[in-house]
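Engineer:
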Amino acid sequence: NAGVMQNPRHLVRRRGQEARLRCSPMKGHSHVYWYRQLPEEGLKFMVYLQKENIIDESGMPKERFSAEFPKEGPSILRIQQVVRGDSAAYFCASSSLPGLVPYEQYFGPGTRLTVT
Amino acid sequence: KNEVEQSPQNLTAQEGEFITINCSYSVGISALHWLQQHPGGGIVSLFMLSSGKKKHGRLIATINIQEKHSSLHITASHPRDSAVYICAVLGYGGSQGNLIFGKGTKLSVKP
Numbered sequence: 053n054a055g056v057m058q059n060p061r062h063l064v065r066r067r068g069q070e071a072r073l074r075c076s077p078m079k080g081h082s083h084v085y086w087y088r089q090l091p092e093e094g095l096k097f098m099v100y101l102q103k104e105n106i107i108d109e110s111g112m113p114k115e116r117f118s119a120e121f122p123k124e125g126p127s128i129l130r131i132q133q134v135v136r137g138d139s140a141a142y143f144c145a146s147s148s149l150p151g152l153v154p155y156e157q158y159f160g161p162g163t164r165l166t167v168t
Numbered sequence: 025k026n027e028v029e030q031s032p033q034n035l036t037a038q039e040g041e042f043i044t045i046n047c048s049y050s051v052g053i054s055a056l057h058w059l060q061q062h063p064g065g066g067i068v069s070l071f072m073l074s075s076g077k078k079k080h081g082r083l084i085a086t087i088n089i090q091e092k093h094s095s096l097h098i099t100a101s102h103p104r105d106s107a108v109y110i111c112a113v114l115g116y117g118g119s120q121g122n123l124i125f126g127k128g129t130k131l132s133v134k135p
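Sequences listed follow chains A and B, in order. To convert, take the position in the first sequence, counting from 1, and add 52; that gives the numbering used here. To convert, take the position in the second sequence, counting from 1, and add 24; that gives the numbering used here.
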């Protein structure tokens, strides 16, 4: 059973370009979470998605960032017009359908974005 | 002040030592996670707990909800335990995904 897959593992973009980060959840998981880890800082929540729905995007920057989790295919985190401050590790996690109790999240290996 | 504080920030131990990493939080929570981030950057979920104590191999996690404090213990530490250990809480009333993370404790176990 493959774990959470993220690609690419490393991505280099010039300022002003677009970055697309992909996350395939574990088999059977329908909930995806994106987190960002800036250099020398802790992880920060960005967005929580269910298939075709954004459940919580309170951690997403208001501009240039968007996320989707279509019915078919991976979840995509898209960053338009990247700036140097976007350089970070972006982690995706997934979980099965949460019930009344909190659930465990399984993390992907991360995508390290470098903006030059 | 961060909502989730970990101590110590850095910890060096000799192989075989008993290790304790602490996590204090200031918000009401529905669950607390302990994560391990390997030197290569990957993250593994070690425990999720909302009360009491859990044990997995040489790792033990405890939580005291009244005191808003959790500890992660490693018995008979080994160099392969060297990693960053991260505490994360799920705030009560927040969405299931909205974890609040501590800054991590960097553990180095020397042979």
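Beta carbons: idealized from backbone N, C-alpha and C, even for Gly.
Here's a check: name, in chain order, each residue in its chain whose Cβ is nearer than 6 Å to the Cβ of residue 152(A), leaving out the five neighbours to either side.
Structural biologist: The count along the first sequence starts at 1 and reaches residue 152(A) at position 100. With a pLDDT of 49 at residue 152(A), under the threshold of 50, the predicted position of this residue should be treated as unreliable, though the coordinate-derived value follows. Contacts found: none.
Engineer: Taking the alpha-carbon positions, what's the residue 83(B) to residue 56(B) distance?
Structural biologist: To locate residue 83(B), count along the second sequence from 1; it is residue 59. To locate residue 56(B), count along the second sequence from 1; it is residue 32. If I take the Cα positions, the gap works out to 15 Å.
Engineer: Mapping the DSSP letters down to three states, classify residue 115(B) as helix, strand or coil.
Structural biologist: Numbered from its first residue, the second sequence carries residue 115(B) at position 91. Of the three classes helix, strand and coil, the one that applies to residue 115(B) here is strand, per DSSP.
Engineer: Going by Cα to Cα distance, which pick from 59(A), 85(A) and 165(A) is closest to residue 147(A)?
Structural biologist: If you number the first sequence from 1, residue 147(A) lands on position 95. Selected option, being the one with the closest Cα: 85(A).
Engineer: Considering just the uninterrupted stretch of the beta strand (DSSP E) at residue 39(A), what are its terminal residues?
Structural biologist: Since the displayed chain A opens at 53 and closes at 168, residue 39(A) lies outside it and no answer follows.
Engineer: Please confirm if residue 142(A) has its CB atom under 7 Å from at least one CB of chain B.
Structural biologist: One-based indexing of the first sequence puts residue 142(A) at position 90. Chain B contact via Cβ: absent.
Engineer: With 7 Å set as the bound, which would you pick, yes or no: does the beta-carbon of residue 152(A) sit closer than that to a beta-carbon of chain B?
Structural biologist: Start at 1 with the first residue of the first sequence, and residue 152(A) comes out as number 100. Its pLDDT being 49, under 50, residue 152(A) is placed unreliably in this model, and the value from its coordinates should be taken loosely. It does not; no Cβ of chain B falls within 7 Å.
Engineer: Can you find a CB in chain A that lies within less than 7 Å of the CB of residue 121(B)?
Structural biologist: The count along the second sequence starts at 1 and reaches residue 121(B) at position 97. It does; some Cβ of chain A falls within 7 Å.
Engineer: Does residue 58(A) come out as helix, strand or coil in the three-state DSSP assignment?
Structural biologist: Translated into positions along the first sequence, residue 58(A) becomes position 6. In the structure shown, the three-state DSSP call for residue 58(A) is strand.
Engineer: If you reduce the DSSP assignment to three classes, tell me which class residue 81(B) lands in.
Structural biologist: In the second sequence, residue 81(B) corresponds to position 57, counting from 1. Residue state, collapsed to three classes: coil.
Engineer: With DSSP run on the structure shown, which of helix, strand or coil describes residue 65(A)?
Structural biologist: Mapped onto the first sequence, residue 65(A) falls at position 13. Strand.
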